[in-house]
Each structure stands twice: as structure tokens, then as C-alpha cells.
Amino acid sequence: MIATNVRRLSVYLLLAFASVSGALVWWQVLDAQALATRQDNPQVIATRRSLPRGSVFDSQGRMLASSVVTDGISRRTYTDPVFTHLLGYASLRFGATGVERAWDDVLTGRTDPNPLRDLLNDILARQPEPHDLTLTIDQRLQDFAAAQLGADRGAVVAIDPRTGAVLAMVSNPTYDATGFSGDPATAQAAFDAVAGAADNPFLDRSRQGHYTPGSIMKVLTASAALDAGAITPQTTFTDQPREEVEGFVVNGFTIREHDLAPVAPALWDLSPALQVSSNIYFAHVGLELGAARYLDYARRFGFCQALRIGSDVRGLPIDPSYVSARADGGCAPFRDEVELASAAFGQAAVSVTPMQMALMAATIANHGAVPQPYVVRDLRSHAATPAAGPTDSVLESYGGGRGNPAISSGVADQVRRAMIDAVLGPIGKLYAGAGDVTRFGVSGVQTAGKTGTAERGPGLKPHSWFIGFAPAQDAALASIAVAVIVEGGGSGSGHAAPIGGAVMAEWLKLVGTGG
Amino acid sequence: MHAVPRPLELRLLLPLVILVPLGFAVTHIAQTSTLDPGPMAVAIGYVGLMLGAHLALRLVGNRGDELLLPCVATMGGIGIVMLNRLPQELLGTDAFGVRFGMATTQLLWFGVGVSAMVLLAGRFRDDGVLRHYKYTWALAGTLLLVITFLFGREVNGARLWIFLGPIGFQPGEAIKVVLVIFIAGYLAEKRTLLAGASARIGPFSVPPLPYLLPMIAIFVIVMLVVVVSRDLGTALLFMGIFLTMLFVATGRRSYVLLGILLFIAGSFVAYNLFGHVRIRVDNWIDPFVDPSDRGYQTVQALYAFGRGGLFGEGLGQGLPTISGHLPIPALPTDFIFAAVAEELGLIGAFALLALVMCLVFRGLRTAMLARDDFSAMLAVGLTVSLGLQTLIIAAGNVKLVPLTGITFPFVSYGGSSLLACFVIVGLLLAISHRSVVDAQIEGRGQ
Numbered sequence: 153m154i155a156t157n158v159r160r161l162s163v164y165l166l167l168a169f170a171s172v173s174g175a176l177v178w179w180q181v182l183d184a185q186a187l188a189t190r191q192d193n194p195q196v197i198a199t200r201r202s203l204p205r206g207s208v209f210d211s212q213g214r215m216l217a218s219s220v221v222t223d224g225i226s227r228r229t230y231t232d233p234v235f236t237h238l239l240g241y242a243s244l245r246f247g248a249t250g251v252e253r254a255w256d257d258v259l260t261g262r263t264d265p266n267p268l269r270d271l272l273n274d275i276l277a278r279q280p281e282p283h284d285l286t287l288t289i290d291q292r293l294q295d296f297a298a299a300q301l302g303a304d305r306g307a308v309v310a311i312d313p314r315t316g317a318v319l320a321m322v323s324n325p326t327y328d329a330t331g332f333s334g335d336p337a338t339a340q341a342a343f344d345a346v347a348g349a350a351d352n353p354f355l356d357r358s359r360q361g362h363y364t365p366g367s368i369m370k371v372l373t374a375s376a377a378l379d380a381g382a383i384t385p386q387t388t389f390t391d392q393p394r395e396e397v398e399g400f401v402v403n404g405f406t407i408r409e410h411d412l413a414p415v416a417p418a419l420w421d422l423s424p425a426l427q428v429s430s431n432i433y434f435a436h437v438g439l440e441l442g443a444a445r446y447l448d449y450a451r452r453f454g455f456c457q458a459l460r461i462g463s464d465v466r467g468l469p470i471d472p473s474y475v476s477a478r479a480d481g482g483c484a485p486f487r488d489e490v491e492l493a494s495a496a497f498g499q500a501a502v503s504v505t506p507m508q509m510a511l512m513a514a515t516i517a518n519h520g521a522v523p524q525p526y527v528v529r530d531l532r533s534h535a536a537t538p539a540a541g542p543t544d545s546v547l548e549s550y551g552g553g554r555g556n557p558a559i560s561s562g563v564a565d566q567v568r569r570a571m572i573d574a575v576l577g578p579i580g581k582l583y584a585g586a587g588d589v590t591r592f593g594v595s596g597v598q599t600a601g602k603t604g605t606a607e608r609g610p611g612l613k614p615h616s617w618f619i620g621f622a623p624a625q626d627a628a629l630a631s632i633a634v635a636v637i638v639e640g641g642g643s644g645s646g647h648a649a650p651i652g653g654a655v656m657a658e659w660l661k662l663v664g665t666g667g
Numbered sequence: 084m085h086a087v088p089r090p091l092e093l094r095l096l097l098p099l100v101i102l103v104p105l106g107f108a109v110t111h112i113a114q115t116s117t118l119d120p121g122p123m124a125v126a127i128g129y130v131g132l133m134l135g136a137h138l139a140l141r142l143v144g145n146r147g148d149e150l151l152l153p154c155v156a157t158m159g160g161i162g163i164v165m166l167n168r169l170p171q172e173l174l175g176t177d178a179f180g181v182r183f184g185m186a187t188t189q190l191l192w193f194g195v196g197v198s199a200m201v202l203l204a205g206r207f208r209d210d211g212v213l214r215h216y217k218y219t220w221a222l223a224g225t226l227l228l229v230i231t232f233l234f235g236r237e238v239n240g241a242r243l244w245i246f247l248g249p250i251g252f253q254p255g256e257a258i259k260v261v262l263v264i265f266i267a268g269y270l271a272e273k274r275t276l277l278a279g280a281s282a283r284i285g286p287f288s289v290p291p292l293p294y295l296l297p298m299i300a301i302f303v304i305v306m307l308v309v310v311v312s313r314d315l316g317t318a319l320l321f322m323g324i325f326l327t328m329l330f331v332a333t334g335r336r337s338y339v340l341l342g343i344l345l346f347i348a349g350s351f352v353a354y355n356l357f358g359h360v361r362i363r364v365d366n367w368i369d370p371f372v373d374p375s376d377r378g379y380q381t382v383q384a385l386y387a388f389g390r391g392g393l394f395g396e397g398l399g400q401g402l403p404t405i406s407g408h409l410p411i412p413a414l415p416t417d418f419i420f421a422a423v424a425e426e427l428g429l430i431g432a433f434a435l436l437a438l439v440m441c442l443v444f445r446g447l448r449t450a451m452l453a454r455d456d457f458s459a460m461l462a463v464g465l466t467v468s469l470g471l472q473t474l475i476i477a478a479g480n481v482k483l484v485p486l487t488g489i490t491f492p493f494v495s496y497g498g499s500s501l502l503a504c505f506v507i508v509g510l511l512l513a514i515s516h517r518s519v520v521d522a523q524i525e526g527r528g529q
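Residue numbers (the working numbering), protein chains in the order written: chain A, 153 to 667; chain B, 84 to 529.
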């Protein structure tokens with residue numbers, strides 16, 4: 153009797169030992185890889201501390217970031233502070249940001265881009281090999297754009313509208329992150345110095361700065377209204393000339409025109425309205441379009457959602473831009489017609505990032521499709537001496553694809569012509585004319601653009617904005633689209649437009665006007 | 084009493100003569116990156132002790148199971164190699180003005196344990212002392228437990244220690260043996276009554292309560308003291324031993340089922356009542372919620388298993404220190420299994436579990452061959468206490484059950500635990516010896 157029960161007991165005990173063995177197989181074999189790559193795994197931390205990290209090069213193979221291992225600690229050097237916001241930093245003490253964060257697993261070699269080799273490395277327990285990155289950015293243009301901004305707070309973003317390749321991404325003020333890497337003990341002082349500096353150097357204004365856009369938003373308003381059929385390029389509003397003087401009463405609130413200075417009010421259609429940047433005209437356009445369609449088109453252009461430079465897996469997040477109040481990670485409905493009419497000329501609750509504005513300009517240049525921005529061009533085997541440039545062994549190349557259609561190609565053409573007029577037209581050249589690339593030593597090229605002077609309230613100097621692209625005479629030619637903001641820079645024509653024109657001209661000189 | 088040969092035991096012990104010193108040398112070489120095999124005194128002492136135990140068993144004329152000692156000695160060998168490879172100042176004893184390192188202390192306790200084992204295996208020929216005075220044993224044990232709870236010293240949040248001069252021990256380990264003796268004595272006496280009669284409550288057939296009451300009363304007292312002193316692992320172990328023995332005595336799964344249901348209900352109450360239980364359980368459900376604080380040990384143990392993989396990092400080459408400290412603070416005691424699994428891999432962990440299973444199945448075989456109910460029940464209880472203890476701590480290490488602070492028999496660092504385990508093996512050898520001798524007498528009679 154007892155013997156029988158003992159025999160039954162032994163079966164249960166066997167089952168219990170079998171389950172413990174099963175759990176062992178799970179942790180030691182099946183789940184071992186997942187455990188080995190967790191960020192809080194001490195081995196991952198130790199690896200980060202002592203192993204070499206891949207280098208980063210500009211599009212021409214100039215070294216921007218590289219690491220050496222001394223005394224068992226991997227130290228990283230950044231050659232150009234103008235790239236700091238984009239590259240970010242890889243610090244043992246403060247973690248990683250920017251490209252360093254998004255591409256961390258590849259730079260350290262923790263992940264091999266080739267899944268087969270990745271598996272083989274696992275099986276053979278090979279030491280991870282770092283990989284190098286090449287950016288889409290030419291250091292010469294990046295440095296030129298930074299020099300144009302000078303000591304001013306602001307940002308310059310330039311994109312190739314045909315591909316989405318980021319050509320420049322500058323945020324001012326910047327800082328040198330070299331001191332953040334290396335010995336965690338000394339990193340603290342370097343970090344504190346930047347954290348204590350004025351004007352928040354840590355903020356990447358190009359993708360995290362939120363600004364009122366002012367008149368550059370009229371490009372979105374015009375694009376949306378034309379595509380929706382709410383207006384044509386010939387549409388006029390009968391009351392507009394009178395309202396330029398007396399004000400436009402919406403729901404009892406009077407919308408007033410900005411100072412038109414040398415221009416006398418007249419009955420304008422789209423092109424002259426964009427040239428003088430008439431708030432009254434675009435308030436009418438916004439109301440014709442209506443709140444629902446306005447929000448719909450804003451979303452098509454990328455507003456009201458978080459975007460990324462690069463892919464979802466390895467991308468730099470771009471803060472969402474808003475046309476109305478923020479709600480649940482998107483845009484709230486417009487409160488009333490006053491807010492809608494004001495948003496149509498870029499005031500009220502509109503809040504945008506320079507990157508989104510560059511994408512908006514690039515969309516007009518790219519036949520109405522929003523390019524998918526990317527900044528890492530390819531991935532290569534690690535170069536032993538990074539100062540001598542990258543290796544020729546490209547493991548992976550990346551691109552931005554065709555982009556997402558926001559408006560029809562025909563409408564994009566209409567807006568493009570209006571934006572050329574805004575720079576070169578008889579009235580326009582008084583404003584956005586300052587962004588004309590021919591003023592900066594490039595000939596035979598037309599420029600499309602729009603200035604913005606974003607009012608910030610009493611006592612504060614407006615933000616100075618410019619968006620544009622060139623060459624603009626034929627959409628297929630456009631090889632660069634820019635967005636420039638100078639914080640508190642006053643009028644768009646005075647400050648941002650010349651920077652935008654100079655940056656575009658510099659690029660055309662570097663690559664040739666044919667693109 | 085005259086000497087007997089134990090040839091199988093000797094043959095199975097002989098590999099240790101090479102393997103244990105080799106383990107010491109390998110770990111020392113791996114850690115110092117020299118060809119110096121390092122100090123061998125502990126290794127030689129250990130091998131000598133186990134061979135000495137074999138000789139002593141022959142001298143005292145024990146004819147019991149020859150597989151028990153080799154299993155134990157191999158497990159202990161793996162343990163002492165691991166303990167010797169860890170920083171020696173981690174644990175240890177200051178006694179008589181001398182500082183004993185962790186491995187040395189463990190070796191001394193091995194000596195004490197082996198002596199107790201040989202003594203029991205050789206001298207313990209009449210179990211009447213245990214059977215007849217079972218209540219006395221139980222009361223003495225319970226008293227010891229209460230004294231510990233009232234006057235003991237608190238270590239790591241649980242008051243489980245009594246110190247006699249420099250030497251501390253955990254009476255909980257002794258009570259484990261005493262409880263098994265009591266339950267075995269009680270069930271052997273009342274077995275037929277219990278197996279036959281039963282009442283029914285709903286779908287459950289309930290044990291006839293009046294017969295069980297004295298045993299349940301004592302068991303409940305022991306459990307209460309254990310639970311109040313926050314020794315969760317021991318509580319779980321005692322519950323397991325009790326239910327298993329009840330099952331073996333009566334053959335009724337429903338008793339076990341009822342016990343498990345009661346235990347689940349009790350655990351639920353404890354979860355809501357005690358903060359430390361809640362922490363343990365939450366950690367078990369997802370240790371990665373707080374991997375740097377509350378879930379730290381559990382998470383680090385999982386990393387250790389992961390690093391080990393199929394073949395292990397190699398003796399002496401795993402367990403990377405984190406800023407000078409071991410990755411897992413309770414490594415020598417609660418997490419020795421994880422350490423073995425890291426350095427010897429899945430294969431080594433399986434080998435260790437196989438040794439325990441071998442020990443357990445030889446113990447159960449001893450029970451099946453035992454000549455009387457008490458011996459059988461005693462062998463079952465003792466064997467199961469070793470088996471369940473291993474299962475509870477190993478399952479806790481691999482996150483199958485919430486982690487509780489009990490030792491891995493013969494492998495973990497800890498004197499009281501080692502002594503209790505050797506007492507158990509000594510009693511098993513004695514029981515096994517009697518059945519072998521009885522069988523021989525019977526055989527001669529036929």
C-alpha cells in the first residue's frame with residue numbers, strides 16, 4: 153500500500169523536476185538572446201563601457217564622430233559642434249540621444265544588419281563588431297548654414313525634396329558633447345555646464361522647437377483650399393479691399409491686416425495675395441475651406457502627429473506640429489471661426505517645428521507628396537582609422553521613398569507658381585525677394601518662397617521665418633527646400649529670408665544647378 | 084558489528100579525488116590568468132573527508148544504499164568548488180580568534196555533518212526512541228522554534244538564528260527533521276484508520292478529523308511560528324512535506340487537493356496582509372518592473388542563466404562582478420543553483436538536478452523496501468524533504484515560483500542546513516541498512 157503510493161509520488165516528483173528543467177531550457181537557451189540584449193543587463197552596460205563604437209561620417213566621408221578605447225573606457229570625440237543636436241551623444245553617464253540613440257545597436261555592433269550573420273554571431277558568441285554610419289548631410293552646407301545663423305537663436309533645416317534626404321539640420325545655440333562620453337566621473341561637470349547655459353542649448357530647435365509660424369502657413373492654407381476646390385488661383389473676395397482697411401469681422405471679432413506699408417489695398421487673387429501676404433485674403437480662404445477640411449489637409453501634410461527622420465525602428469522623433477490646440481497627441485477641433493481664420497494665416501494656436509515647415513516646402517517642390525525624411529545614408533564596416541575616411545564596404549543603404557501624396561501634382565504646380573511670384577513678383581520681391589538665390593551668386597535659377605513674421609504678443613519681437621525651394625522654374629529640378637527661423641528676428645524678409653536664400657545658393661554652387 | 088565492503092560506493096567516490104582538486108585548479112587559473120593551481124587544502128580536505136566517510140561506513144558495518152553517499156559527495160563537491168571560487172570574505176565565521184573563510188567554514192560543517200551521518204548510520208539500530216516518543220520530539224521541536232522566535236537573532240529580516248558563542252545555527256533545519264519523525268510516527272500508527280474512514284463535505288472526501296486532530300494541531304502551531312517569523316520557504320517546505328506524507332500514508336489525492344486549496348487561500352491572505360509577501364510575489368510576476376531595486380536579485384539570476392547558455396561560461400569564468408560586487412548578493416546561499424547554471428551551463432544544471440533525483444529515487448526505494456510502516460513513512464518524509472527543498476529553491480531561481488530563502492541541499496553555503504541534510508542521509512542509511520539485513524535474515528531462513 154505504501155509502496156504503491158510511493159510509486160505514484162515518484163511520478164509527481166518526476167513531473168516537478170521536469171518543469172524545473174523546462175524552465176532552465178527556457179532561460180538558458182530559448183530566451184537567452186533576449187536576456188543578453190536587455191538594456192539593464194550588466195553585460196550590455198559593461199560592453200558599452202569598454203567596446204569601440206562605430207564612427208559617423210558626413211556625405212563626403214569627413215569624420216564627425218569616432219571612438220577610441222583607452223584604459224578600458226570607450227571615449228568618443230565629436231569633431232563639429234554644429235552636428236551635436238543631430239548626432240546626439242553616447243554617454244555612459246547620461247545615456248544616448250539623437251542618431252547615437254536611434255542607431256545604438258548598430259554602432260555598437262550589438263545587432264548585425266544582416267540577420268543571417270546576426271544569428272551566426274549569436275551561435276559563435278562572437279565579439280560584437282561596430283559599424284560606421286554615413287549621413288546624407290554635407291558638412292560644408294551644415295557649417296555654412298550655422299555660420300549664416302551666427303549668434304542668433306534659431307534653426308535651419310534643408311531637405312532634398314525629391315528624396316527626403318536631410319541636407320542641413322542646424323539648431324542654435326549648440327554645445328560640444330565630447331566631454332559627455334568617456335569617464336562617467338568627469339562627464340558630470342561637462343554636462344552641468346551645458347545644462348546651466350542660457351537659451352537651453354540641449355533643445356534641438358529643428359525638431360523639438362515649437363514656434364508660431366505666421367504667414368508661411370499660408371502655403372498650407374492655399375494648398376488645402378486649391379486641392380479641396382474651395383478656391384481657384386483666380387478667386388477673389390469682394391469685401392477684401394475694404395476689410396484691408398476696416399478689418400474683417402468674424403463672429404464679432406475684428407481681424408486686422410498687418411502693415412502693408414508701400415502697397416495699396418486692391419481686389420487680389422491668390423498670387424498678389426500671397427505676394428503681399430494678405431491676412432484678410434487667407435482668413436477668407438480658411439473660412440471657405442472650413443474647419444474639418446483644414447484639419448484633414450493639415451494631417452496629410454504631417455501635422456497633428458509625431459513624425460520621424462528615418463524609419464520607425466531607427467528614427468529620430470520629430471515633435472508633432474499643431475494647427476489648433478493639442479488634444480490626445482493630435483489636434484483638437486477648432487474652437488470657433490475666429491481660430492480657424494487666424495490659423496489660416498499662421499496665428500492663434502498654430503505651433504510648428506522647423507522640420508515640419510521644411511517638409512511643407514519640400515511637398516510643394518515634390519509634386520504634392522510629403523517626402524519621408526532620412527539622415528543616415530548608409531551603413532559600412534568599421535574603419536580602423538576613421539580620420540582617413542570610411543571604408544568602401546557598404547553593408548546597407550537607406551532612402552526616403554516617394555513620399556505620401558498630400559495634394560495633387562497640379563495643385564502643387566499652382567502653389568509653386570504663387571510661391572515664385574512671392575519671391576520674384578512685382579510686390580513679392582519687396583518681401584520674400586530677400587530669399588532669391590540669384591542675389592547670392594547663382595544665375596538662371598528661379599526661387600519659390602514665402603516669408604513669415606510670427607507675432608508673439610505685446611513686447612516680444614516677432615519670429616522671423618522663411619521657407620522656400622530652388623531651382624523652382626520646373627518642379628522636377630528642385631534640389632533643395634529650406635525652412636529658416638530666427639527667434640525674435642523680426643520680419644521674415646529682414647532676417648530669415650536672406651539666410652534661406654544664401655543656404656540654397658550655397659547648395660546649388662556645391663552640387664550644380666542641375667541637382 | 085563488523086566491517087562490510089561497500090565497493091560500488093568506493094568506485095563512485097573515486098572520480099572526486101581528481102575532479103574536486105581539478106575544479107579548484109581550473110577556477111583559480113581562470114580567475115588569476117596564471118598557471119598556478121592555487122591553494123588545495125580545502126579540496127584535499129573535502130576529498131579526504133568523503134573517503135573517510137566511506138571508510139567509516141564500512142567500519143561501522145552499514146549495509147545501506149551505496150548510491151546515497153556518492154550523490155551527496157558529488158553535489159557537495161560542486162558546491163565547495165563554487166564556494167571556493169567566490170570571494171572568501173563574503174561569508175564565513177570568526178571562531179576561537181581565527182577567521183575562517185567561506186569554503187573553510189563550509190568544509191568544517193561538512194566534517195560535522197559527515198560525523199553525524201556516520202553516527203546515525205552505524206549506531207541507530209532501534210527506531211523505538213523516535214517512534215514511541217514522537218510527541219516529546221514534537222513538543223521539544225516546537226519549543227525550540229518558539230525560543231528561536233522569541234530570543235533568536237534576526238538576520239535579513241527573519242528571526243531564524245540562535246547563537247551559541249560564535250556558532251550560529253538555524254533551529255528551523257532541526258525542526259524539519261523532527262517534524263518528519265513526528266508525522267511519520269503518527270501516520271504509521273493511525274494509517275489504517277485514516278485510509279479507511281472518511282467524511283464528506285460536498286465533493287471532497289475529508290479526512291476523519293478526530294483522528295487527525297493531534298497531528299494537525301502540532302502542524303498548525305509549527306506553521307504559525309514559521310509564518311510569523313517570515314520564513315516563507317520553510318513554510319512552503321513544511322506544507323509540502325506534510326501533504327506528501329499524508330498522501331503516501333492514505334493514498335488519497337483529495338487530501339492533498341484540499342491542502343493545496345487551503346494553502347492557496349492562506350497565501351492569498353498572506354499576500355494581502357504582509358508587505359514582504361507581496362513584494363516577493365510581485366517580483367515573481369514581473370521582476371523587470373523594478374530591475375535595479377526590488378527585482379534586482381531575480382533579474383540578475385535570470386541574466387546568469389542566460390549567460391550560461393547550453394555549455395556554460397566555464398568554471399571560474401562567469402559571474403562578472405558589477406563595480407567589484409558579485410552580481411547576486413545572496414549567491415552562496417539562495418542562488419548557488421544560478422551560479423552553477425551560469426558556469427557549467429544547462430548541462431551542468433541538469434547534472435545537478437540529476438544527482439538530486441538520483442538521491443530522491445534511492446530514498447524512495449529505501450522507503451519501498453522498508454520493513455515496517457514507520458520506517459517507510461520516515462524514509463518518505465526525509466527523502467521528500469530533500470527533494471522538495473531542492474525543487475522549491477531551484478524553481479524559485481528559475482522564476483517558476485516566488486523566490487524564498489532556503490538552501491540548495493549539500494550545495495548552498497550554510498552549516499545548519501548541511502548538518503540537517505547529513506542527518507537525513509544518515510537516517511536513510513540506517514533504514515536502508517535494516518531492510519537489507521532483514522532481507523538477508525529472511526533469505527537465510529527460507
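Heads up, the beta-carbon is just placed ideally off N, CA and C, and yes, glycines get one too.
(message) My assumption, with CB atoms under 8 Å, is that Leu422(A) sits in contact with Ala513(A). Please give the rounded CB distance.
(response) Their Cβ separation, rounded to whole angstroms, is 17 Å, which puts Leu422(A) and Ala513(A) out of contact at 8 Å.
(message) Using only the alpha-carbon positions, how far apart do Thr326(A) and Gly467(A) sit?
(response) 21 Å
(message) Beta-carbon within less than 8 Å of Leu258(B)'s beta-carbon, same chain only, minus the 5 sequence neighbours each way: which residues are those?
(response) Note that residue 258(B) corresponds to Ile in the displayed sequence, not to Leu. Cβ within range, chain order: Gly224, Thr225, Leu227, Leu228 and Val305.
(message) Run through chain B and tell me which residues come within less than 8 Å of Val158(A), C-beta to C-beta.
(response) Val331, Leu447, Ala450, Met451, Ala459 and Val463
(request) Using a threshold of 7 Å, state whether the C-beta atoms of Gly438(A) and Thr373(A) are closer than that. (result) yes
(request) Go through its chain and collect everything with a Cβ distance to Val87(B)'s Cβ below 8 Å, but skip five positions before and after it. (result) Arg141, Gly144, Asn145 and Arg146
(request) Return no unless some Cβ of chain B is closer than 7 Å to the Cβ of Leu629(A). (result) no
(request) For Thr416(B), count neighbouring C-beta atoms within 10 Å of its own C-beta (all shown protein chains included) and say buried if the count is 16 or more, exposed if not. (result) buried
(message) For a cutoff of 7 Å on Cβ pairs, would you count Pro170(B) as touching chain A?
(response) no
(message) With a threshold of 8 Å on Cβ separation, who are the neighbours of Asn193(A) within its own chain once the five nearest residues in sequence on each side are excluded?
(response) Leu187
(request) Would you mind telling me which residues of chain A sit closer than 9 Å to Met440(B), beta carbon to beta carbon, in chain order? (result) Leu165, Leu166 and Phe169
(request) Under the assumption that Ser645(A) contacts Ala600(A) (Cβ atoms under 8 Å), give the Cβ distance between them as a whole number of angstroms. (result) Not a contact, Cβ separation roughly 15 Å.
(message) Here's the rule I'm using: 16 or more other beta-carbon atoms within 10 Å means buried, otherwise exposed. How should Ala344(A) be labelled?
(response) A small correction: the amino acid at residue 344(A) is Asp; Ala does not occupy that position in the sequence shown. Classification for Asp344(A): exposed.
(message) At the level of alpha carbons, what is the spacing between Ser515(B) and Asp264(A)?
(response) 59 Å
(request) Find the nearest neighbour of Phe457(B) within the set Val331(B), Cys441(B) and Phe371(B), judged by alpha-carbon distance. (result) Val331(B)
(message) Strictly below 8 Å CB to CB, what residues from chain A border Phe531(B)?
(response) As shown, chain B starts at 84 and ends at 529. That puts residue 531(B) outside it, with no answer to give.
(message) Measuring alpha carbon to alpha carbon, tell me which residue in Asp521(B), Ala513(B) and Ser518(B) is nearest Met200(B).
(response) Ala513(B)
(message) My output table needs one value for Ala493(A): the three-state DSSP class, helix, strand or coil.
(response) helix
(request) Assuming Met298(B) and Ile266(B) form a contact by the criterion Cβ under 8 Å, report the distance between their Cβ atoms to the nearest whole angstrom. (result) 7 Å
(request) Return yes when the Cβ of Val527(A) is within less than 7 Å of the Cβ of Ile461(A), no when it is not. (result) yes
(message) On the criterion of 16 or more Cβ atoms from any shown chain inside 10 Å, does Gln212(A) qualify as buried, or is it exposed?
(response) exposed
(message) If contacts are defined as beta-carbon pairs under 8 Å, then Gly642(A) and Asp588(A) qualify, I think. What distance do you get, rounded to the angstrom?
(response) With a Cβ gap of about 19 Å, Gly642(A) and Asp588(A) do not count as contacting.
(request) Evaluate Tyr583(A) with the Cβ neighbour count: other Cβ atoms within 10 Å of its Cβ, from every protein chain shown; 16 or more gives buried, anything less gives exposed. (result) buried
(request) Grab the span of the alpha helix (DSSP H) containing Thr188(B) for me, first residue to last. (result) Met185 to Arg206
(message) Going by the DSSP bridge assignment, what does Arg227(A) pair with across the sheet?
(response) Val220(A)
(request) Below 8 Å between beta carbons is the criterion; list the residues of the region 426-439 of chain B that meet it against any residue of chain A, in chain order. (result) Gly428, Leu429, Ala432, Phe433, Leu436 and Val439
(request) Would you kindly work out how many angstroms separate the C-alpha atoms of Ala329(A) and Asp335(A), rounded to a whole number? (result) 13 Å
(message) Given this structure, state the Cα-to-Cα distance separating Gly667(A) from Pro417(A), to the nearest angstrom.
(response) Caution applies to Gly667(A), whose pLDDT of 44 falls short of 50 and renders its modelled position unreliable; the value that the coordinates give is listed next. Between Gly667(A) and Pro417(A), the C-alpha separation is close to 39 Å.
(request) Would you mind stating whether Ile476(B) and Ile489(B) have Cβ atoms separated by less than 7 Å? (result) yes
(message) Output needed for Trp255(A): all residues of its chain with C-beta closer than 7 Å, excluding positions within five of it in sequence on either side, in chain order.
(response) Leu285, Arg466 and Val528
(message) For a test of the three-state rule: what should DSSP assign to Lys75(B), helix, strand or coil?
(response) The requested residue 75(B) does not occur in the structure, where chain B is confined to residues 84 to 529.
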